[in-house]
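Visitor: Pasting a structure below so you can have a look.
2 protein chains.
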Amino acid sequence: MDQPAHPPDPDALPLGPRQRALLAALREANAELSCQALHERLSQSSQRHGLATVYRHLRRLQRSGLVRCRKLPNGESVYAPLERDDHHLICVSCGRSEPLPICPVGTGGLGLTQVLLQGFKPLFHTFEIHGLCRSCQQREPLAHG
Amino acid sequence: MDQPAHPPDPDALPLGPRQRALLAALREANAELSCQALHERLSQSSQRHGLATVYRHLRRLQRSGLVRCRKLPNGESVYAPLERDDHHLICVSCGRSEPLPICPVGTGGLGLTQVLLQGFKPLFHTFEIHGLCRSCQQREPLAHG
DNA sequence: CCGTATGCTGCGAATGATTTTCGTTGTAGC
DNA sequence: GCTACAACGAAAATCATTCGCAGCATACGG
Numbered sequence: 024m025d026q027p028a029h030p031p032d033p034d035a036l037p038l039g040p041r042q043r044a045l046l047a048a049l050r051e052a053n054a055e056l057s058c059q060a061l062h063e064r065l066s067q068s069s070q071r072h073g074l075a076t077v078y079r080h081l082r083r084l085q086r087s088g089l090v091r092c093r094k095l096p097n098g099e100s101v102y103a104p105l106e107r108d109d110h111h112l113i114c115v116s117c118g119r120s121e122p123l124p125i126c127p128v129g130t131g132g133l134g135l136t137q138v139l140l141q142g143f144k145p146l147f148h149t150f151e152i153h154g155l156c157r158s159c160q161q162r163e164p165l166a167h168g
Numbered sequence: 024m025d026q027p028a029h030p031p032d033p034d035a036l037p038l039g040p041r042q043r044a045l046l047a048a049l050r051e052a053n054a055e056l057s058c059q060a061l062h063e064r065l066s067q068s069s070q071r072h073g074l075a076t077v078y079r080h081l082r083r084l085q086r087s088g089l090v091r092c093r094k095l096p097n098g099e100s101v102y103a104p105l106e107r108d109d110h111h112l113i114c115v116s117c118g119r120s121e122p123l124p125i126c127p128v129g130t131g132g133l134g135l136t137q138v139l140l141q142g143f144k145p146l147f148h149t150f151e152i153h154g155l156c157r158s159c160q161q162r163e164p165l166a167h168g
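Chains A and B, in that order, give the protein sequences.
Residue numbers for the first sequence follow the working numbering, so the first one is 24 and each next one is one higher.
Residue numbers for the second sequence follow the working numbering, so the first one is 24 and each next one is one higher.
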C-alpha cells in the first residue's frame, strides 16, 4: 500500500504516512479514543485502515513514546497523544471516567530518581482515583454505614 | 448454599462467608491475584466457588471499598486488599510489571480537596509509569535515536 | 529490466477474560 | 412443611484484541 519501507521524510521519526495519519487523528480529537473509535473515524475520512492495522500502529506508536494508553474498566483501551497529560476519577460501580485536573508528577514532588527506575525508561504515566461517583452513591447507599 | 440472606456476624460488614474467604485469600497472597488465579487457589482449598461467583464477589468487594483492582496490559484484572498500596512500572513492550516503591498520594502533596472530587467518594488509586523495561530497551534499540 | 526478499495490509478466524443466562438450591420466615 | 428470595454453578454468550495468511509494493542485486 502506501507504507514505504523507509521514511521519505527524514525529520519525522521512522513513521509512515499511516502512522502520521493516526497520530493526527488522535491529536485532533478532543478526547481519548478507543482503537475502534479511531478506526471508525478514519474510515469516514479518506484514510482507510483495517482494524488490525490500527491496533498494530497504535501499539507501535505507544512503544515509540508518541501515544499514551489506558484501560477502561470495561476492557477497552483508549489512546491519546503523549503530550496530553490527563488523569481521571473512575467509578467502580458504573465505570465512567471523569477528568481529574491534577497530576502527581507535574506538581514536582515525587522523587523519580534513576535509582527507583533502575534502568526503566519512562514514557508516560497514569494516575487514577477509583471510587463512587456522586450518582452511584445515591443509587446504592452502601449498607455498611 | 452457605450464603445467608443477612450476615450472622454482626461486626463484619454485610459480608457473607464466601466473601470473607475471598478477602482472606487475597490478604494471605503476597501478590496481586487475578480472578482466575484466586479461583484456582480457592478450589485447591476447601472453599469451592464457581468462577462466576468469584467474579461477582470481587466486583462487590471492590464497590464496598475492601478490594482494589487494576487492569494489566493483557486484559487481566488483578486484585489486592485495599490496605495494600502498591504501584508499578509497566513495560509497554513486554507488558510486565515491576514494583514501584513510591506513592504520589501517600507522600502528602497533591491537594485532593473536596473541590476537586466534586462529590466523588475515593476508595483507592492507581499510579503507574509506563515505559520500556531494561531488557526491552536492549532488544529493540528504537531506531529514532 | 527481472526476480527475490522484506515489510505492511486487510480480512476473517481464533483467543481469552469477563459477563450473562438460567435452572437449582439453601435460608429465613411463617 | 411451604413460599419467597437471594446466591450459586455450569455453560453459553459477549466483546475487545490478536493471529494467520495471502496479496502487494518497494528495495536491491544481478
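By construction, the Cβ of each residue, glycine as well, lies at the ideal position given by its N, Cα and C atoms.
Taking a contact to mean a Cβ-Cβ separation below 8 Å, would you say residue 127 (chain A) touches residue 143 (chain B) in this structure?
Guide: no
Visitor: Quick check on the DSSP output: the alpha helix (DSSP H) that includes residue 46 (chain A) runs from which residue to which?
Guide: 40-51
Visitor: Could you tell me the distance, in whole angstroms, from the CA atom of residue 29 (chain A) to the CA atom of residue 40 (chain A)?
Guide: Residue placement at residue 29 (chain A) cannot be trusted, given a pLDDT of 40 that sits under 50; the coordinates are not used to answer.
Visitor: Given this structure, state the Cα-to-Cα distance separating residue 141 (chain A) from residue 135 (chain A), to the nearest angstrom.
Guide: 10 Å
Visitor: Does residue 155 (chain A) get closer than 8 Å to chain B when you measure Cβ to Cβ?
Guide: yes
Visitor: For residue 77 (chain B), count the other beta carbons within 10 Å of its own beta carbon; 16 or more makes it buried, fewer makes it exposed. Which is it?
Guide: buried
Visitor: In the DSSP output, which residue or residues are listed as bridge partners for residue 76 (chain A)?
Guide: Answer is none; residue 76 (chain A) lacks a bridge partner.
Visitor: Just curious, the alpha helix (DSSP H) that residue 63 (chain A) is in, first and last residue?
Guide: 58-67
Visitor: Determine the direct distance from the alpha carbon of residue 89 (chain B) to that of residue 55 (chain B), and round the result to whole angstroms.
Guide: 14 Å
Visitor: Who are the Cβ neighbours of residue 42 (chain B) in its own chain at under 8 Å, not counting the five residues just before and after it?
Guide: 80, 83, 84
Visitor: Give the straight-line distance between the Cα atoms of residue 66 (chain A) and residue 100 (chain B), rounded to the nearest whole angstrom.
Guide: 32 Å
Visitor: Are three or more beta carbon pairs between the stretch 101-116 of chain B and the stretch 44-62 of chain B nearer than 8 Å?
Guide: yes
Visitor: Would you mind stating whether residue 148 (chain A) and residue 152 (chain B) have Cβ atoms separated by less than 8 Å?
Guide: yes
Visitor: With a threshold of 7 Å on Cβ separation, who are the neighbours of residue 70 (chain B) within its own chain once the five nearest residues in sequence on each side are excluded?
Guide: 44
Visitor: Output needed for residue 159 (chain A): all residues of its chain with C-beta closer than 7 Å, excluding positions within five of it in sequence on either side, in chain order.
Guide: Excluding five sequence positions before and after residue 159 (chain A), the CB atoms of its chain that fall closer than 7 Å to its own CB belong to 114, 116, 117, given in chain order.
Visitor: May I ask you to report which of helix, strand or coil DSSP gives residue 127 (chain A)?
Guide: coil
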